[in-house]
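> Take a look at the following structure, please.
There are 2 protein chains.
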Amino acid sequence: MATARVEARRAATRTAILEAAWALAREEGLGGIGMRELAGSLGMAASSLYGYFDGKDAIYDAMFIEGNRALRERSLTLPTDLGTRDTLVATARAFIEFCDEDHPRFQLLFQHSIPGWEPSPEAYASAVENFEQMRRQLAQLGITNDESIDLWTALTSGLASQQVANDPEGDRWLRLVEQAVDMYIGREKP
Amino acid sequence: MATARVEARRAATRTAILEAAWALAREEGLGGIGMRELAGSLGMAASSLYGYFDGKDAIYDAMFIEGNRALRERSLTLPTDLGTRDTLVATARAFIEFCDEDHPRFQLLFQHSIPGWEPSPEAYASAVENFEQMRRQLAQLGITNDESIDLWTALTSGLASQQVANDPEGDRWLRLVEQAVDMYIGREKP
DNA sequence: GTCTATATTTGGATAGAC
DNA sequence: GTCTATCCAAATATAGAC
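Heads up: the sequence lines are chains A and B, in that order.
Counted the way the working numbering counts, the first sequence spans residues 1 to 190.
Counted the way the working numbering counts, the second sequence spans residues 191 to 380.
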């Protein structure tokens, strides 16, 4: 039966819609995504989008999940045989670069930036999954203490948010990563 | 002449409008501020607001300036005779508490959270002024290096954003302040 | 599945009387 | 200064023909 082909075509269109949505967000900001404009950039009518997504919020949801998956896959490509210090450096650097290379994605994933929208439970689960992955990666480096983990998230998210907000396209905070990691692993010594 | 009285009344109304805007933002989020709703909460017509502000963006601008002034004044009440370590602890703690006690204010001041709005040059100047004040305060503690300052802003803003986003009403990141400061001032030692 | 046409809502802003 | 009455634009979403 042709169901598989139909399904594949449908999935391809969904992917194309999401890609266009990201492109639009990069041009005009997350809030600038409109159903007409989005559909127009694909050469289709706004009403056709509703055959693929339940509405605008569903599109944000799909983008949220996609963004989290991209981060998860990025994290999995990191080397793990560098020793604690260099692994942390690579991890932090990858995270900041991930945030800085796509600001709308950063805002969608980590800031509550869209008035009236919050991720659905399923979408939120993808964020939790990422957090758990980070937890496991830190655990492999011997970092299991809750406070140590919280301090790590504060440090990396602080570097990322400063980089994104105050020096996009630059590296003013990115280049502080080594210093930050050395500070982090050297803590609690007198 | 009555001009002074008139002017005072006008200023009072402006203040009342801003206060109502903050209240509305706390209830429904920054994006939830509408001219009708804002005016309604004050018992006036939406069109009357335009006698006091040029429009919605001007209201955001005034809120931005007011928020920055509140932060500046808060910073000036901090003790300065505690020694470097405890002064930094007090400073960081005050900053995180400032952010956590009013989330819309935090979003307005530190995140680009309103689609289509950015502070006017005058409003932005109030943010720059605060940054310069922080610079001076750090300088008094002997911290003048640009990278050290950037690392400090990353650390404190990271703690604040994690606290606000992931544990509002709690103190999960707030209570890491001492650890974070000790880590910060102990850095660069082998 | 995709289109055109349109319903519906919302929100900022203005006109003009009082 | 404040109101009522609108205007205007943008945006989501739906109906129904093809």
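Glycine residues also receive a C-beta, built at the ideal position from the N, C-alpha and C atoms.
For the alpha helix (DSSP H) containing residue 113 of chain A, name the first residue and the last one.
If you number the first sequence from 1, residue 113 of chain A lands on position 113. It is not in any alpha helix (DSSP H) - residue 113 of chain A carries neither H nor E in the DSSP assignment.
> Excluding the 5 residues flanking residue 235 of chain B on each side, which residues of the same chain have their C-beta closer than 7 Å to its C-beta?
Locating residue 235 of chain B in the second sequence gives position 45, where the first residue counts as 1. Cβ neighbours of residue 235 of chain B beyond the five flanking positions: 229.
> Looking at the secondary structure, which residues open and close the alpha helix (DSSP H) in which residue 351 of chain B lies?
Numbered from 1 along the second sequence, position 161 holds the residue referred to as residue 351 of chain B. Unbroken alpha helix (DSSP H) run through residue 351 of chain B: 336 to 356.
> Which bits of chain B does residue 150 of chain A rub up against, with CB to CB less than 8 Å?
Numbered from its first residue, the first sequence carries residue 150 of chain A at position 150. 352, 362, 363 and 366, listed in chain order.
> Can you tell me which of B:377, B:221 and B:347 puts its alpha carbon nearest to the alpha carbon of residue 364 of chain B?
Taking the second sequence and counting its residues from 1, the one referred to as residue 364 of chain B is at position 174. The shortest Cα separation from residue 364 of chain B among B:377, B:221 and B:347 belongs to B:347.
> How long is the line joining the alpha carbons of residue 211 of chain B and residue 357 of chain B, rounded to whole angstroms?
Within the second sequence, the letter at position 21 stands for residue 211 of chain B. Within the second sequence, the letter at position 167 stands for residue 357 of chain B. Each residue's Cα considered, the two are about 25 Å apart.
> To the nearest angstrom, how far is the alpha carbon of residue 184 of chain A from that of residue 152 of chain A?
Here residue 184 of chain A corresponds to residue number 184 of the first sequence, with the count starting at 1. Here residue 152 of chain A corresponds to residue number 152 of the first sequence, with the count starting at 1. If you take the alpha carbons of residue 184 of chain A and residue 152 of chain A, they lie about 8 Å apart.
> Please list, in chain order, the chain B residues whose beta carbon lies closer than 8 Å to that of residue 133 of chain A.
Start at 1 with the first residue of the first sequence, and residue 133 of chain A comes out as number 133. Those do not exist, as residue 133 of chain A stays about 17 Å from chain B at its closest Cβ, beyond 8 Å.
> Would the stretch 250 to 263 of chain B and the stretch 306 to 313 of chain B be scored as touching if the rule is three or more Cβ pairs under 8 Å?
With the cut-off at 8 Å, the stretch 250 to 263 of chain B and the stretch 306 to 313 of chain B touch.
> Measure the alpha-carbon distance for residue 309 of chain B versus residue 118 of chain A and round it to whole angstroms.
Stepping through the second sequence from its first residue, residue 309 of chain B is reached at position 119. Stepping through the first sequence from its first residue, residue 118 of chain A is reached at position 118. Each residue's Cα considered, the two are about 25 Å apart.
> For the alpha helix (DSSP H) containing residue 243 of chain B, name the first residue and the last one.
Counted from its first residue, the second sequence places residue 243 of chain B at position 53. First-last for residue 243 of chain B: undefined, no H or E at that position.
> Quick one: what's got a C-beta closer than 6 Å to residue 380 of chain B's C-beta in the same chain, skipping five residues either side?
As a first step, residue 380 of chain B must be located in the second sequence, where it is residue number 190. Confidence at residue 380 of chain B is low in this model, with a pLDDT of 40, below 50, so the placement of that residue should be treated as unreliable; the coordinate-derived value is given next. Same-chain partners within the cutoff: there are none.
> Tell me the rounded alpha-carbon separation between residue 14 of chain A and residue 129 of chain A.
Here the question's residue 14 of chain A lines up with position 14 in the first sequence. Here the question's residue 129 of chain A lines up with position 129 in the first sequence. For residue 14 of chain A and residue 129 of chain A, the distance between alpha carbons rounds to 23 Å.
> The stretch 100 to 130 of chain A: which residues have C-beta closer than 9 Å to a C-beta of chain B, in chain order?
The residues in question are 103, 107, 110, 111, 112, 113, 114, 115 and 116.
> Applying the criterion that 16 or more other CB atoms from any shown protein chain within 10 Å of the CB defines a buried residue, is residue 281 of chain B buried or exposed?
In the second sequence, residue 281 of chain B corresponds to position 91, counting from 1. It is buried - the Cβ of residue 281 of chain B has at least 16 other Cβ atoms within 10 Å.
> Using alpha carbons as the reference points, say which of A:140, A:50, A:116 and A:150 lies closest to residue 223 of chain B.
By 1-based counting over the second sequence, the position of residue 223 of chain B is 33. Here the closest residue by C-alpha is A:116.
> Looking at the unbroken alpha helix (DSSP H) that takes in residue 26 of chain A, where does it start and where does it end?
Looking up residue 26 of chain A in the first sequence gives position 26. Residues 3 to 28.
> Where residue 80 of chain A and residue 87 of chain A are concerned, what is the direct C-alpha to C-alpha distance, given to the nearest angstrom?
To locate residue 80 of chain A, count along the first sequence from 1; it is residue 80. To locate residue 87 of chain A, count along the first sequence from 1; it is residue 87. Approximately 6 Å between the Cα atoms of the pair.
> Reducing DSSP to helix, strand and coil, say where residue 310 of chain B ends up.
As a first step, residue 310 of chain B is located in the second sequence; it is residue number 120 there, counting from the start. The answer is coil: DSSP assigns residue 310 of chain B none of H, G, I, E or B.
> Taking just the CA atoms, how far does residue 353 of chain B sit from residue 361 of chain B?
The sequence position of residue 361 of chain B within the second sequence is 171, counting from 1. The sequence position of residue 353 of chain B within the second sequence is 163, counting from 1. Roughly 7 Å between the two C-alpha positions.
> Less than 8 Å between the C-beta atoms of residue 176 of chain A and residue 345 of chain B, yes or no?
On the first sequence, residue 176 of chain A is found 176 positions in, with the first residue counted as 1. On the second sequence, residue 345 of chain B is found 155 positions in, with the first residue counted as 1. No, Cβ-Cβ distance for residue 176 of chain A and residue 345 of chain B is not below 8 Å.
> Just tell me which of B:300, B:340 and B:322 has its CA closest to the CA of residue 165 of chain A.
Here residue 165 of chain A refers to the residue found at position 165 of the first sequence. Selected option, being the one with the closest Cα: B:300.
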